[in-house]
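To start, the structure itself, in structure tokens.
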């Protein structure tokens, strides 16, 4: 499972899982043998600003997520995971990102 953090695309980080912290859901998932990864991506101006020109592409934060998901799929077997059974989930802006990945051809394998 891959966690995408929330924070309004302006703040947050891969290790600050809020309600999904080690005392809650994460500990439960890991105790059941789930391989869990969380990803970091560019936020705010650096991640989501655009000039609407080819020299400054939009949504670099989402492209960071795509690259992280590709990396996880390539490497997850080294951590005991199955590259054919990857589920992404998130909170707030992270869940919006999950929705966007379901529509993006860049996120399809």
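In my numbering, the protein residues as written are 1 to 109.
Ideal placement from N, C-alpha and C gives every residue a C-beta, glycine not left out.
Predicted, not measured: the structure shown is a model, and the values here were computed from it.
Task: Counterpart residues of residue 49 in DSSP-defined beta bridges - done: Answer is none; residue 49 lacks a bridge partner.
Task: Whole runs of the beta strand (DSSP E) within the stretch 21-106, excluding any shorter than 3 residues - done: Annotation note: the stretch 21-106 contains the following uninterrupted beta strand (DSSP E) runs of length 3 or greater, listed N- to C-terminal: 37-39 and 88-90.
Open item on the list: Just to confirm my understanding: we take residue 101, look at its own chain, exclude 5 residues before and 5 after, and list those with CB closer than 6 Å. What are they?
Closed with: The beta carbon of residue 101 is closer than 6 Å to those of 107 in its chain, skipping five residues each way along the sequence.
Open item on the list: Quick check on this structure: which residue in 36, 64, 10 and 9 has the alpha carbon closest to the alpha carbon of residue 1?
Closed with: Measuring from the Cα of residue 1, the nearest candidate turns out to be 36.
Task: Which listed residue (92, 57, 103 and 87) has its alpha carbon closest to that of residue 8 - done: Checked all of 92, 57, 103 and 87; the closest Cα to residue 8 is 92.
Task: Own chain partners of residue 61 with C-beta closer than 7 Å, once the 5 adjacent residues on each side are dropped - done: Leaving aside the five residues that flank residue 61 on each side, the residues in its chain whose CB is nearer than 7 Å to its CB run, in chain order, 9, 41, 42, 43, 47 and 48.
Open item on the list: Rounded to the nearest angstrom, what separates residue 56 and residue 105 at their Cα positions?
Closed with: Residue 56 and residue 105: Cα-Cα distance of roughly 20 Å.
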